[in-house]
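This report concerns only the one structure given below.
In the working numbering, the protein residues as written are 40 to 682.
Next up, the structure:
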């Protein structure tokens, strides 16, 4: 029984331990169950939250899908309405900068076709007088050679070879300098406007080289041959004697006693000598006239080109800024902008305008222009001066026709009363009468009244810009003004006339180099002409000047005796040069213009004065230089030269 009891006790203890362990596991199970219930409760909340969020996103996605389907349907409808597009194949002639560069090249070509002719004629004149004088000085030697039995050709070859060799050397220098230096200078000047120009190439053109050399050879060799031919006709006995001085003749002034009797001896002698040496008179007047004309054209070109800025943006375009309005801006927004400008103390005045690109056609072609329609036509002259260039006659917009700017009217050969055709975008061309032609220098414009626009197009004009006249024009003022208005939702852009004027001035500044080349070349040519003719004059009249010295005339008096004639001839040449310069300037200006621009037609008084003063300064400088040469004249040698 004890064994059974012990066994029972052992089993009881074991059962108690298992009971305790079971209770412990039960407690742990309850705890885990409680925790699981809590986690299950939190999961249900997250699930509900996620489910709610998903349903919301699903609704939004379904809405986006519906919108996308609608847009797709609309796009399919628009696609079905599209017509077959038109293809435009544009060559490089349609690139603006390429066309502008070509037009600039054409302007230089036009100038190059005029100026070389004048330079060449004057240079040929200098060569002719030089060769004639050279043969004349060797008159005695030619007579001796002829007496010794030399043929005319043998004697002539000396002068012909001299003319040939000097011309070839001079032509070689001119070909290299003219084709290697001047083109590079001019192209670099245009590089200011065209930053993407490739490397400058200045090859030697065989055609131009041969043409210029041949022309020079013909002129100089012909001059030498003519001088030789005339001299070699005489017999040796006459050639070995000096040429008899030309007989004096009565001059026109002698028939006017109240003028002639008031002239002193030296002045009377100067007048007689001018008429006596007609060849020198014509050569000097023509030579100085050509150089004076070239100087005047050079300075006149500068006046005409730079006047675009002063005339266009100082006298024609009177407004200061143009404010562009967005295409989708409402009438209320436009009125709000207009009222803001009215209340802005920086703005003196403003006006609504419609601007649009149009094609203007007439019997002589079609040109592009800008159409301007002001809302208040009577006030347009406050912003744009509608006046005729020569008479300053003012025009006002009417409902009977349009006003054209001068250059496009000239290109189309249209006058007041003629009809033109306006075509805007793809609309049908509309014919209208020209009632006025006004001054303008940059681009082309057509001005219409609102009533005429509505009559022509069947609708009221939509005003997309506002012109303003401001109290200032400085950079800081305009930058602040632009920043303030460009931020407005209805404003698309703000442009200033001063900025456009600066761009035009920078573009035209490249012409300065060409003008400087012309002026310097003309000045040097004038100096050469004066020096050559004066030198010949003194050489031909050495015996006369030596006689004056023997009779007791001082060096200064002898110089004044000669230089008085030179100054009179220079003055006559200068007067002739004014006429030549005006005619050349007019021709060059018209030839050098491009379609979209008109140069000024006037030469300023300053340019006239500078050209005259430079010519007279060259004459005085040459006279001063020749004074020292006359002082060295040997009286005895000069007077016995006949023997």
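In this text, a Cβ means the ideal position worked out from N, Cα and C, and glycines have one as well.
Of the residues 496, 412, 427 and 551, the one whose Cα lies closest to the Cα of residue 504 is 412. Scanning its chain for C-beta atoms nearer than 6 Å, with the 5 sequence neighbours on each side dropped, one finds around residue 480 the residues 347, 350, 351 and 637, in chain order. Beyond the five residues adjoining it in sequence on each side, residue 337 comes within less than 7 Å, by CB distance, of 554, 557, 558 and 561 in the same chain, given in chain order.
By the neighbour-count criterion, in which 16 or more other beta carbons inside 10 Å mark a residue as buried, residue 223 falls on the exposed side.
Selection 399, 639, 574 and 353 evaluated against residue 663 yields 574 as nearest (Cα-Cα). Nearest neighbour of residue 467 by Cα position, chosen from 327, 497 and 185, turns out to be 497.
Within its own chain, the residues whose Cβ lies closer than 7 Å to the Cβ of residue 623, once the five positions on either side in sequence are excluded, are 153, 332 and 336, listed in chain order. For residue 456, the closest alpha carbon among the candidates 472, 309 and 192 is that of 472. When the Cα atoms are used, residue 295 and residue 631 turn out to be separated by approximately 48 Å. For residue 343, the uninterrupted alpha helix (DSSP H) segment begins and ends at 317 to 346.
Counting the other CB atoms within 10 Å of its CB gives residue 422 a total of 16 or more, which places it among the buried residues. Judged by DSSP secondary structure, residue 360 falls outside any alpha helix (DSSP H) and instead within the beta strand (DSSP E) spanning 360 to 364.
Residue state for residue 636 is assigned as strand, using DSSP reduced to three classes. Here DSSP, grouped into helix, strand and coil, assigns residue 461 to strand.
Sequence-distant partners of residue 241 (beyond 5 residues in either direction) whose C-beta falls short of 7 Å from its own C-beta, in its chain, are 218, 219, 222 and 223. Measuring C-alpha to C-alpha distances from residue 532 to each of 521, 581 and 540 identifies 521 as the nearest.
With a cutoff of 8 Å on beta-carbon distance, residue 502 and residue 627 are scored as not near each other. Contact between residue 364 and residue 530 holds: their C-beta atoms lie close to 7 Å from each other, under 8 Å. Note that the C-beta distance between residue 604 and residue 312 is below 8 Å. Residue pairing by DSSP places residue 409 opposite 396 and 484 in a beta bridge. Between the stretch 580 to 599 and the stretch 93 to 112, the count of Cβ pairs shorter than 8 Å is below three; the stretches do not touch. Of 615, 665 and 644, the smallest CA-CA separation from residue 324 is found for 615. Per DSSP, the unbroken alpha helix (DSSP H) holding residue 257 starts and ends at 245 to 271. According to the DSSP assignment, residue 194 belongs to the alpha helix (DSSP H) that extends over 191 to 219. Distance from the CA of residue 645 to the CA of residue 341, rounded to the nearest whole angstrom, comes to 12 Å.
Ranked by Cα distance from residue 237, the first of 397, 377 and 226 is 226. By the Cβ neighbour-count rule, residue 580 is buried, with 16 or more other Cβ atoms within 10 Å of its own. Annotation: residue 625 is outside any beta strand (DSSP E); the continuous alpha helix (DSSP H) that includes it extends over 594 to 631.
8 Å or more divides the Cβ of residue 362 from the Cβ of residue 539.
Bounds of the beta strand (DSSP E) holding residue 504 are 504 to 509. Residue 177 sits in coil when the DSSP states are folded into three classes, being neither helix nor strand. In the three-state reduction of the DSSP assignment, residue 441 falls in the strand class, which pools E and B. Between the stretch 157 to 164 and the stretch 175 to 182 there are fewer than three inter-stretch CB-CB distances shorter than 8 Å, so the stretches are not counted as touching. Linking residue 209 to residue 653 through their CA atoms gives a straight-line distance of about 26 Å. Rounded to whole angstroms, residue 420 and residue 534 show a C-alpha spacing of 20 Å. The distance from the Cβ of residue 395 to that of residue 438 is about 19 Å, inconsistent with a contact at the 8 Å cut-off.
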